[in-house]
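Engineer: Going by the UniProt record's numbering, the first residue of the sequence shown is number 1, and it counts up by one from there.
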Amino acid sequence: MTLVCLLFSIPGNSHPMTLLLNSALFKHTICHVVSLYGPEFGMCNPEAVVAFEDQYGELLVSMTGCRDHLTDALSQILKKNRDVSEMVSLAAIKVDQKNEEHCRLLHESWAALDDRPVPESFDVTKSVGKGDDNLSSWGDLGFQTPLTDFRMTGVLGLQSLHFVVTRYKKRSRETLQVSRSLQAWFPFALTSINVTAFPSNSGGKLSKKQLP
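#1: Please classify residue 84 as buried or exposed, where buried requires at least 16 other C-beta atoms within 10 Å of its C-beta.
#2: Apart from the five residues just before and just after residue 94, which ones in its own chain have a Cβ nearer than 7 Å to its Cβ?
#3: Just verifying my parser: in three-state terms, what is the DSSP assignment at residue 100?
#4: Return the Cβ separation of residue 112 and residue 172 in integer angstroms, given the expectation that the two are a contact with Cβ distance under 8 Å.
#5: Buried or exposed, going by whether 16 or more other CB atoms sit within 10 Å of the CB of residue 115?
#6: Does DSSP put residue 182 in a helix, a strand or coil?
#7: If you count every other CB in all the chains shown that lies within 10 Å of the CB of residue 193, and 16 or more means buried, which is it?
#8: Just the Cα atoms here: how many angstroms apart are residue 79 and residue 149?
#9: Note down the Cα distance separating residue 101 from residue 152, rounded to an integer number of angstroms.
#10: Where does residue 144 sit, in a helix, a strand or coil, going by DSSP?
#11: Looking only at its own chain, which residues have a Cβ that is under 7 Å from the Cβ of residue 196, when we skip the five neighbours before and after it?
The following block contains the structure:
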């Protein structure tokens, strides 16, 4: 209904047949978008589309601008739905130390934030009060245990953390240092995971009630 209203709000869309054909044009436009985005969105009868074009072809040509607007709107909706579906799928994948790609993302995240060698084990997480300050610890990045900390966000959370710290390395290192100060102490990695989890915990909408 919103898209049909969009169609009627376009300046110059005053053809007398527009109101009579809005539902047919709407379906025809959906089919046009489907042809661009693949069979998974299939919902059209090809013969009906051809018949519609034969009967109202000239009108469709005169309304190309309207259809372009509607096509763009539908295309963006379909892209958004695809992106959300992909993110939901990634969030459902458990971070696993047996997965080479998962380990690579963790190791590259470490290297972006700390110049010391990568911790020998994902179980080495102690950071405060450890005997040797040179001992690499995932806790120094704000983890408890990396393999289980991503339980809310799965691989999506890992990819998000990796993207931020590798793309914005200097700022991420500065933020990590701030996170270790007594005045502003917060677990850097866990905070990143929680930020990623906010939208998924509210049906795709970030609620102000979830913010600290």
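Every residue gets a Cβ at the ideal spot worked out from N, C-alpha and C, and that includes glycine.
Structural biologist: Quick look at the numbers:
#1: exposed
#2: 154
#3: helix
#4: 7 Å
#5: exposed
#6: coil
#7: buried
#8: 30 Å
#9: 19 Å
#10: coil
#11: 153, 156, 157 and 160
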